[in-house]
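Chemist: Protein chains in written order, with our numbering: chain A, 14 to 463; chain B, 14 to 463. C-beta: ideal position from N, C-alpha, C; glycine also.
There are 2 protein chains.
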Amino acid sequence: MSATGITQTLASWAAGLSRNTIPSSVWHQGVRSFVNWLGCAVGGSQHATVERALSALSRFSGPPKATILGRRERLDELHAALINGISSHVLDYDDTHLKTIIHPAGPVASALLAVAEGQPVSGADLLTAFIVGLEVECRIGNAVYPDHYDRGWHITGTTGVFGAAAAVGRLRGLDTQRMSWAMGIAGTQSSGLREMFGTMCKSFHPGRAAQNGAAAAFLAEAGFDSSERVLEAPRGFAHVVSTKQDFDEITQGLGERWEAELNTYKPFACGIVIHPVIDGCCQIHREFRVSARDIVFVELRVHPLVLELTGKREPKTGLEGKFSVYHAAAYALLRGDGSPEAFTDAAVGDPEMVALRARVKVEVDPAIHEASAHIAVTLSDGRRLQRSVAAAIGSLEKPLSDKDITDKFQRQTIPVIGSDATNRLIDLAWQLDALPDAAELAQAAAQSCP
Amino acid sequence: MSATGITQTLASWAAGLSRNTIPSSVWHQGVRSFVNWLGCAVGGSQHATVERALSALSRFSGPPKATILGRRERLDELHAALINGISSHVLDYDDTHLKTIIHPAGPVASALLAVAEGQPVSGADLLTAFIVGLEVECRIGNAVYPDHYDRGWHITGTTGVFGAAAAVGRLRGLDTQRMSWAMGIAGTQSSGLREMFGTMCKSFHPGRAAQNGAAAAFLAEAGFDSSERVLEAPRGFAHVVSTKQDFDEITQGLGERWEAELNTYKPFACGIVIHPVIDGCCQIHREFRVSARDIVFVELRVHPLVLELTGKREPKTGLEGKFSVYHAAAYALLRGDGSPEAFTDAAVGDPEMVALRARVKVEVDPAIHEASAHIAVTLSDGRRLQRSVAAAIGSLEKPLSDKDITDKFQRQTIPVIGSDATNRLIDLAWQLDALPDAAELAQAAAQSCP
Chain A
14 MSATGITQTL ASWAAGLSRN TIPSSVWHQG VRSFVNWLGC AVGGSQHATV
64 ERALSALSRF SGPPKATILG RRERLDELHA ALINGISSHV LDYDDTHLKT
114 IIHPAGPVAS ALLAVAEGQP VSGADLLTAF IVGLEVECRI GNAVYPDHYD
164 RGWHITGTTG VFGAAAAVGR LRGLDTQRMS WAMGIAGTQS SGLREMFGTM
214 CKSFHPGRAA QNGAAAAFLA EAGFDSSERV LEAPRGFAHV VSTKQDFDEI
264 TQGLGERWEA ELNTYKPFAC GIVIHPVIDG CCQIHREFRV SARDIVFVEL
314 RVHPLVLELT GKREPKTGLE GKFSVYHAAA YALLRGDGSP EAFTDAAVGD
364 PEMVALRARV KVEVDPAIHE ASAHIAVTLS DGRRLQRSVA AAIGSLEKPL
414 SDKDITDKFQ RQTIPVIGSD ATNRLIDLAW QLDALPDAAE LAQAAAQSCP
Chain B
14 MSATGITQTL ASWAAGLSRN TIPSSVWHQG VRSFVNWLGC AVGGSQHATV
64 ERALSALSRF SGPPKATILG RRERLDELHA ALINGISSHV LDYDDTHLKT
114 IIHPAGPVAS ALLAVAEGQP VSGADLLTAF IVGLEVECRI GNAVYPDHYD
164 RGWHITGTTG VFGAAAAVGR LRGLDTQRMS WAMGIAGTQS SGLREMFGTM
214 CKSFHPGRAA QNGAAAAFLA EAGFDSSERV LEAPRGFAHV VSTKQDFDEI
264 TQGLGERWEA ELNTYKPFAC GIVIHPVIDG CCQIHREFRV SARDIVFVEL
314 RVHPLVLELT GKREPKTGLE GKFSVYHAAA YALLRGDGSP EAFTDAAVGD
364 PEMVALRARV KVEVDPAIHE ASAHIAVTLS DGRRLQRSVA AAIGSLEKPL
414 SDKDITDKFQ RQTIPVIGSD ATNRLIDLAW QLDALPDAAE LAQAAAQSCP
């Protein structure tokens with residue numbers, strides 16, 4: 014209970030950081046995170062979750078200053094932050110800070126780009142604020158993970174609100190005191206239960222974190238005060254929501270080690286826990302092109318967490334398919350893919366998939382690393398195709414290249430805004446830090462949309 | 014972990030309750046709670062906390078359909094719910110469900126009256142929804158109190174969001190499934206840290222609970238789905254935020270025992286923990302009219318919680334004065350009052366108060382009931398004036414009468430909207446259940462305002 018000055022230290026760093034001190038590798042990772050987020054937000058923008066949120070809440074929107082990415086509607090900045098945050102996460106295809114399984118870009122970027130439509134912000138300033146937000150969010154996550162997550166908190170929501178507040182606070186030029194208030198106002202709104210996984214509320218969490226974090230910054234700017242030690246106080250965030258409080262994770266090495274540099278981008282549209290299985294099955298598909306009728310059975314050996322999180326034997330919907338390692342393996346073996354197309358209702362209901370996933374056997378072994386998987390496919394001709402994946406594509410060891418991110422972006426956005434708008438948007442997005450006005454990106458992400 | 018159907022049971026009750034089955038005593042207590050809330054919201058409406066929230070967030074408001082009570086501004090229904098919720102709690106003068114120390118009316122009534130300006134709602138329907146919301150909120154509080162509060166959660170915020178969702182869900186005619194979604198969407202936004210006490214964020218909690226609960230109901234209505242067991246699931250509300258989960262408190266005796274009937278109304282504008290001291294000191298003031306210079310010292314004997322919560326020896330601001338039993342006792346002895354006037358910066362800085370509170374001695378004794386206090390005032394002429402308070406005015410044992418509530422209302426609203434508007438408003442408020450259109454009340458509460 015004796016930690017002091019934690020919130021102040023972080024707030025002071027967030028308010029005062031000079032852009033020139035950000036290493037170029039971090040700067041570029043920031044751009045990658047932003048580009049990946051933008052593609053996901055456009056890609057998810059037609060989802061029923063987004064439609065229903067708009068149908069419920071648009072009537073309460075203020076002046077329509079901000080773009081709903083991938084759509085024609087415009088809402089006030091706070092509502093746009095909410096909706097874009099939902100869109101960016103709804104396909105479970107966004108990004109992951111593997112140390113905490115926070116999906117970091119959604120809450121922060123959704124808040125920033127929306128606010129950037131209400132005031133002039135250069136791309137470089139937006140990127141600086143984005144990197145600050147990612148850092149704040151992930152460091153707070155490090156301080157309480159895994160206990161906080163194990164207790165049942167959806168850490169993307171609970172820490173994302175701090176990231177959004179710090180990032181928008183930075184855009185608004187808050188001093189240290191007001192930045193600490195912004196974090197306080199954010200922290201006292203921190204929320205999001207894991208019980209919501211599998212429902213529309215899961216993607217609501219990063220959306221609400223974006224919206225509430227941005228509101229926290231505007232409130233603090235107006236002199237709405239708060240605790241100046243929300244993180245470390247006995248009845249503050251870390252003690253209330255977690256049994257673990259490692260405050261050094263928040264304050265040590267600020268500006269030296271960068272959590273923002275550790276972000277990874279999902280090659281597959283589901284929780285990372287089954288990415289090794291999907292990666293291995295895709296490899297077998299590409300190498301052997303086996304057909305369903307030739308497969309007698311499939312054996313998977315994985316960490317126990319895989320079945321705990323994705324043990325659904327008979328998924329009925331696309332969403333349930335994300336929580337079925339059986340379906341994900343079958344689809345990857347037959348189609349070589351784990352993109353959002355793998356998790357549609359049609360894909361999950363495909364009789365060929367239904368039949369094959371019944372022949373998938375899963376053996377769990379605590380000795381296997383969470384990031385690894387072993388796959389063996391037994392064929393009717395007696396052959397046994399095997400693949401071991403030590404680290405899946407998209408992991409820190411095997412990161413997506415910039416081109417991979419562009420490919421993923423195009424694959425998501427072309428069906429929504431078409432090829433021409435996609436090409437213009439992806440070019441702009443990679444040049445984020447050179448844009449005189451970052452809002453240009455938002456407007457480009459609504460061109461030619463349905 | 015084996016509790017099942019808790020959320021469904023409560024949602025089904027909230028959606029299906031017939032107004033005619035509400036006992037008349039509960040019905041009247043509902044009116045009292047509403048009247049008390051309305052006076053507090055008008056009374057707090059000029060506070061700096063409200064000003065700053067408006068200054069930060071008005072720019073994001075949608076169509077101005079709803080009244081900011083006691084003010085000229087109008088905002089969309091969700092923003093009005095937020096601001097009115099802040100106003101109603103900002104003077105710590107509202108109401109208390111003593112079993113859980115929830116201040117129940119704020120989150121529920123602030124949501125309901127704002128929503129009633131966006132759609133036609135009779136006073137009786139609003140009152141029914143209000144009673145439903147109070148019941149939902151307090152029963153959920155019972156299930157997790159005191160562990161939940163002890164962990165550091167501001168229970169008015171964390172449970173208020175459920176109450177607001179259920180109440181607005183009721184107004185919107187949600188069926189059981191959508192009502193359970195509304196509770197799920199509410200629960201996954203549940204938040205509010207006790208670390209915020211003493212800052213503007215304390216009253217932000219009931220405001221945000223009102224706003225977020227109302228939004229949850231609108232989302233559920235639009236088919237935005239959620240868990241249908243947010244209360245009882247292993248990673249649902251009760252398990253995540255508390256070590257105690259007494260689900261019988263939620264489901265047993267629904268429609269038979271009524272938590273809404275147990276609401277109490279504050280005669281003094283501070284936490285109830287020092288109400289016995291203030292009551293006793295006011296009694297001594299009325300009986301003996303002692304002056305400061307005649308008092309040698311004051312001795313208080315109280316439960317240890319009094320010093321834990323209100324042990325500030327040298328408060329500097331009105332707000333800090335609420336957390337100083339020394340100040341509260343001195344002011345009550347000299348002025349016979351514990352209304353918001355007792356907790357202004359001027360009152361706290363009055364040299365006579367500063368001098369007298371230095372002569373107040375507090376002895377704690379765990380054997381003394383939390384609701385009791387013993388006061389002894391030693392005078393320079395050798396007399397010793399004593400008073401023991403077993404239960405303070407405003408408690409369940411000594412409730413405020415309807416006339417007391419009217420007096421309290423007038424005392425708060427006359428300085429804001431004047432006598433004429435106050436008289437019209439209080440008459441209307443007591444007739445809540447006969448009003449064809451409840452929105453009339455909101456509009457009357459903004460007449461003649463500054």
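Rounded to whole angstroms, what is the Cα-Cα separation between residue 276 of chain B and residue 44 of chain B?
Modeler: One C-alpha to the other measures close to 11 Å.
Chemist: Check whether the Cβ of residue 66 of chain A lies closer than 8 Å to any Cβ atom in chain B.
Modeler: Closer than 8 Å: yes.
Chemist: Looking at chain B, which residues of the stretch 152 to 185 of chain A have a Cβ within less than 7 Å of any of its Cβ atoms?
Modeler: Within the stretch 152 to 185 of chain A, the qualifying residues are 164, 165, 166.
Chemist: Helix, strand or coil for residue 337 of chain B, going by three-state DSSP, please let me know.
Modeler: Residue state, collapsed to three classes: strand.
Chemist: Contact between the stretch 235 to 243 of chain A and the stretch 196 to 205 of chain A is defined here as three or more beta-carbon pairs at a separation below 8 Å; is this criterion met?
Modeler: Yes: the two stretches touch, three or more of their Cβ pairs being nearer than 8 Å.
Chemist: Please list the partners that residue 12 of chain B has in chain A, where partner means a Cβ-to-Cβ separation under 7 Å.
Modeler: Summary: the structure shown does not reach residue 12 of chain B, with chain B confined to residues 14 through 463, and so no result is reported for it.
Chemist: Leaving aside the five residues before and after residue 148 of chain A along the sequence, list all residues of the same chain whose C-beta is less than 7 Å from its C-beta, in chain order.
Modeler: If we look at residue 148 of chain A and ignore the five residues flanking it on each side, its Cβ neighbours are 271, 272, 273.
Chemist: Which residues does DSSP pair with residue 386 of chain A in a beta bridge?
Modeler: A:402, per the DSSP bridge assignment.
Chemist: Run through DSSP, which three-state label would residue 316 of chain A get?
Modeler: If DSSP states are grouped into helix, strand and coil, residue 316 of chain A belongs with coil.
Chemist: Can you tell me which of A:104, A:17, A:18, A:36 puts its alpha carbon nearest to the alpha carbon of residue 268 of chain A?
Modeler: For residue 268 of chain A, the nearest C-alpha among the options comes from A:36.
Chemist: Does residue 204 of chain A come within less than 8 Å of chain B when only Cβ atoms are used?
Modeler: Yes, residue 204 of chain A lies at the interface with chain B (some Cβ there is under 8 Å from its Cβ).
Chemist: Assign residue 302 of chain A to one of three DSSP states: helix, strand, or coil.
Modeler: Reduced to three states, the DSSP call for residue 302 of chain A is coil.
Chemist: Please check the pair residue 402 of chain A and residue 385 of chain A, which I expect to be a contact at CB under 8 Å, by giving their CB distance rounded to whole angstroms.
Modeler: Going by Cβ atoms, the distance from residue 402 of chain A to residue 385 of chain A rounds to 6 Å, so yes, they are a contact pair.
Chemist: Are the stretch 281 to 291 of chain A and the stretch 333 to 351 of chain A touching by the rule of at least three beta carbon pairs closer than 8 Å?
Modeler: Touching, yes, given that three or more Cβ pairs across the two stretches are closer than 8 Å.
Chemist: Along the stretch 123 to 142 of chain B, where does the CB come closer than 9 Å to a CB of chain A? Name the residues.
Modeler: Per Cβ criterion, the list reads 131.
Chemist: Leaving aside the five residues before and after residue 252 of chain A along the sequence, list all residues of the same chain whose C-beta is less than 7 Å from its C-beta, in chain order.
Modeler: These residues qualify, in order along the chain: 258.
Chemist: Looking at chain B, is there any beta carbon in it that lies within less than 8 Å of the beta carbon of residue 207 of chain A?
Modeler: At least one chain B Cβ lies under 8 Å of residue 207 of chain A.
Chemist: Have a look at residue 91 of chain B and residue 127 of chain B and give me their C-alpha separation to the nearest angstrom.
Modeler: Distance between the alpha carbons of residue 91 of chain B and residue 127 of chain B: 7 Å.
Chemist: Would you check if there are 3 or more beta carbon pairs closer than 8 Å linking the stretch 204 to 220 of chain A to the stretch 94 to 106 of chain A?
Modeler: Because the criterion of three Cβ pairs below 8 Å is met, the stretch 204 to 220 of chain A and the stretch 94 to 106 of chain A touch.
Chemist: When the Cα of residue 262 of chain B is compared with those of B:341, B:156, B:178, which residue comes out closest?
Modeler: Residue 262 of chain B has its Cα closest to that of B:156, out of B:341, B:156, B:178.
Chemist: Roughly how many angstroms separate the alpha carbons of residue 256 of chain A and residue 246 of chain B, rounded to a whole number?
Modeler: So the alpha carbons of these two residues sit roughly 20 Å apart.
Chemist: Cβ closer than 7 Å: which chain B residues qualify as neighbours of residue 249 of chain A?
Modeler: Those within 7 Å of residue 249 of chain A in chain B are 206, 208.
Chemist: The beta strand (DSSP E) spanning residue 110 of chain B covers which residue range?
Modeler: That run of the beta strand (DSSP E) goes 108 to 110.
Chemist: Give a yes or no on whether the minimum CB-CB distance between residue 70 of chain A and chain B is below 8 Å.
Modeler: It does; some Cβ of chain B falls within 8 Å.
Chemist: Taking 8 Å as the threshold (beta carbon to beta carbon), is residue 439 of chain B in contact with chain A?
Modeler: Chain A, which has no Cβ nearer than 8 Å to the Cβ of residue 439 of chain B, makes this no.
Chemist: I'd like the list of long-range same chain contacts for residue 340 of chain B, defined as Cβ closer than 7 Å, with 5 residues on each side in sequence excluded.
Modeler: Result list for residue 340 of chain B: 328, 334, 361, 366, 370, in chain order.
Chemist: On a Cα-Cα basis, can you pick out the residue from B:205, B:123, B:174, B:129 that is closest to residue 467 of chain B?
Modeler: Here chain B comprises residues numbered 14 to 463, so residue 467 of chain B is not present and cannot be evaluated.
Chemist: Could you please give the first and the last residue of the uninterrupted beta strand (DSSP E) stretch that includes residue 373 of chain A?
Modeler: Start and end: 373 to 377.
Chemist: Between residue 288 of chain A and residue 359 of chain A, what straight-line distance do the alpha-carbon atoms span, to the nearest angstrom?
Modeler: So the alpha carbons of these two residues sit roughly 21 Å apart.
Chemist: So what does DSSP say about residue 181 of chain B, is it helix, strand or coil?
Modeler: The answer is helix: DSSP assigns residue 181 of chain B an H, G or I state.
Chemist: Measure from the C-beta of residue 14 of chain A to each C-beta in chain B and report whether the shortest distance is under 8 Å.
Modeler: For residue 14 of chain A, the predicted model reports a pLDDT of 45, less than 50, meaning its position is unreliable; a value from the coordinates is still stated below. Not closer than 8 Å to any Cβ of chain B, the Cβ of residue 14 of chain A fails to qualify, so no.
Chemist: Starting from the beta carbon of residue 75 of chain B, find every residue of chain A whose beta carbon is closer than 8 Å, and list them in chain order.
Modeler: Per Cβ cutoff of 8 Å: 72, 73, 74, 75, 89.
Chemist: Does the stretch 166 to 179 of chain B come close enough to the stretch 161 to 173 of chain A that 3 or more CB-CB pairs lie under 8 Å?
Modeler: The stretch 161 to 173 of chain A, when compared against the stretch 166 to 179 of chain B, does not touch it at the 8 Å Cβ threshold.
Chemist: Candidates A:426, A:320, A:260: which alpha carbon is nearest residue 285 of chain A's?
Modeler: That would be A:320, whose Cα lies nearest to the Cα of residue 285 of chain A.
Chemist: On the criterion of 16 or more Cβ atoms from any shown chain inside 10 Å, does residue 107 of chain A qualify as buried, or is it exposed?
Modeler: Buried: at least 16 other Cβ atoms inside 10 Å.
Chemist: Please report how far the alpha carbon of residue 295 of chain B lies from the alpha carbon of residue 420 of chain B, in whole angstroms.
Modeler: Distance between the alpha carbons of residue 295 of chain B and residue 420 of chain B: 17 Å.
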